[in-house]
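*Asks:*
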Amino acid sequence: MKTFDLDNNYKITSGFITPDNYFEQFEAKIMHKISAKQSEKSPVKVVSLFHRKQVWMSSIAALFLLSIALPVYFNSVNESLLETGAIEDYLAQQSFGTTELTKHLTYDDILELETSLGVSPSESEEIENYLNTEDLDYILNQ
Numbered sequence: 426m427k428t429f430d431l432d433n434n435y436k437i438t439s440g441f442i443t444p445d446n447y448f449e450q451f452e453a454k455i456m457h458k459i460s461a462k463q464s465e466k467s468p469v470k471v472v473s474l475f476h477r478k479q480v481w482m483s484s485i486a487a488l489f490l491l492s493i494a495l496p497v498y499f500n501s502v503n504e505s506l507l508e509t510g511a512i513e514d515y516l517a518q519q520s521f522g523t524t525e526l527t528k529h530l531t532y533d534d535i536l537e538l539e540t541s542l543g544v545s546p547s548e549s550e551e552i553e554n555y556l557n558t559e560d561l562d563y564i565l566n567q
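For the sequence shown, the working numbering assigns the number 567 to the last residue and increments by one with no breaks.
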């Protein structure tokens with residue numbers, strides 16, 4: 426690399442030069458580009474006024490739908506809870522015998538009860554044999 430002395434050699438060239446007659450032709454080139462763009466006539470973007478109206482109408486419709494749907498949903502949830510409570514009260518007040526219960530239970534219901542109580546198949550056979558030999562009304566009324 427060459428050493429340079431700023432005191433004696435103060436001119437450092439940048440390496441960039443402008444082409445000959447660049448600034449004389451510059452204005453002509455710019456004017457030519459502007460006229461070419463104006464002659465092409467690109468399509469103008471048009472914003473519809475009805476689009477904003479459509480957004481407002483759809484948002485009003487959504488609010489109206491929510492104002493109707495939410496009370497209906499919450500009332501249906503409360504009704505199902507009331508029905509469950511009413512059913513439990515009814516069943517607690519009624520006295521059912523074993524014959525009424527066995528009429529309404531299916532085999533799948535019995536298996537589900539056994540699994541929820543943790544009764545194994547061998548124990549269920551023992552329980553069934555015990556219930557067959559003993560007086561059921563006496564056992565249920567103890």
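Just so it is clear, CB atoms sit at the ideal spot from N, CA and C, and this is done for glycine as well.
(1) Since I believe E539 is in contact with S549 (beta carbons under 8 angstroms), could you give me their beta-carbon distance rounded to a whole number of angstroms?
(2) Taking the straight line between their C-alpha atoms, what separation do you get for Q518 and A511?
(3) Rounded to whole angstroms, what is the Cα-Cα separation between F451 and A487?
(4) Assuming S464 is part of the alpha helix (DSSP H), what are its boundary residues?
(5) Roughly how many angstroms lie between the CA atoms of K427 and A453, to the nearest whole one?
(6) For H529 and Y555, I'd like the C-alpha separation in whole angstroms.
*Replies:* Reading it off the structure:
(1) 6 angstroms
(2) 11 angstroms
(3) 59 angstroms
(4) Y447 to E465
(5) 43 angstroms
(6) 22 angstroms
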